[in-house]
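Report on the structure given below.
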Amino acid sequence: MSPEVSDTTPALQQPFADSEWEEIVAAAVAAVAAIEAAQAQDTATDPLAEAAIAEMLEAQPAGARTFSLPIAPGASACVLTWHSRRYWLTLCEWVVTHTDRGRSALKKAGIAAATFVRGCAAHAEFAESATGRRMSASLDTLVGRSGLSVDQIKRCRRALKALELGVEQARGKLLNSLEREAAARHYEQVHGQSPAQPQRGAASVWTLSAPQWATEAMPMPEKAPRPRRRPAQSNDQNLWIPGRACLPGR
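Counting the sequence shown from 1 gives a position; our numbering is that position plus 2.
In structure tokens form, the structure reads like this:
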């Protein structure tokens with residue numbers, strides 16, 4: 003008769019006691035802090051690093067409260083800007099409801115037209131009003147403003163790319179030591195004090211575009227005729243009439 007096999011998994015033996023593990027974690031954190039401090043010191047004495055930081059700070063859009071990734075020079079030259087937020091949102095909605103290319107892009111991205119438009123509206127809110135550029139809101143921010151999920155925002159972005167209605171000009175990432183220093187200085191310039199916690203990452207930077215194929219496909223809205231203005235009437239009784247003297251009180 004075979005021996006009975008226990009179905010209870012024995013507890014794994016822990017290689018460290020709790021106190022030892024805390025000491026190891028603390029030592030690792032201290033080592034990382036020391037490395038970052040050394041890098042910051044090197045940055046402060048390196049003229050090339052100072053020049054790079056200054057360039058990143060100059061590239062920050064006016065009014066930006068958080069540091070955003072710089073865009074390569076000339077990267078925006080070939081991206082057609084919008085006329086206004088209202089026009090761009092109208093263009094997005096029209097393209098995905100009236101063109102085969104728009105409907106195909108939504109189907110491929112797996113997103114409904116109404117959801118796509120909601121995602122577009124959230125993106126448009128954070129872009130430069132005159133151009134549609136420098137949209138650097140994070141995914142969490144866009145989710146909170148639109149009520150959509152992260153997955154839906156990503157699907158919206160895939161459709162924007164496919165339709166050339168949005169161009170990702172800088173991919174979001176963790177910041178390196180120079181970028182973290184630039185982010186800290188930018189925070190000090192905006193808020194007048196050092197950040198409580200350093201900025202570790204930055205979101206993608208987008209330009210919301212009005213591509214030629216889309217603007218040519220959408221018919222221009224008809225302009226309503228202007229009402230004819232009636233000439234203003236004056237209550238002045240002392241009007242001058244040609245060939246007739248105008249006397250006060252007459």
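Using N, Cα and C, we set each Cβ at its ideal position, and we do this for glycine too. Note that the structure is predicted; figures quoted are calculated from it, not measured.
Bridge partner(s) assigned by DSSP for Gly-168: Leu-210
Same chain only: Cβ atoms within 7 Å of Gly-65, ignoring 5 sequence neighbours per side: none
Given 8 Å, three or more beta-carbon pairs between the region 68 to 76 and the region 202 to 211: yes
Alpha helix (DSSP H) segment containing Gln-199, residue limits: It is not in any alpha helix (DSSP H) - Gln-199 carries neither H nor E in the DSSP assignment.
Rounded straight-line distance, which links the Cα of Gly-76 to that of Tyr-89: 25 Å
CA nearest to the CA of Ser-151, picked from Ile-113, Cys-80, Gln-171, Leu-167: Ile-113
Trp-90, enclosing alpha helix (DSSP H) - first and last residue: 87 to 100
Coarse secondary structure for Leu-82, derived from DSSP in three states: coil
The region 195 to 205 contacting the region 175 to 186, beta-carbon criterion three pairs below 8 Å: yes
As assigned by DSSP and simplified to three states, the class of Leu-162: helix
Bounding residues of the alpha helix (DSSP H) (the contiguous stretch that carries Pro-49): 49 to 60
Contact set for Arg-187: own chain, Cβ-Cβ below 8 Å, skip 5 residues either direction: Ile-55, Leu-59
Cutoff 8 Å; reference Gln-191; Cβ partners in own chain excluding five residues on either side: Leu-59
Beta-carbon proximity check, Ala-124 vs Arg-147, cutoff 8 Å: yes
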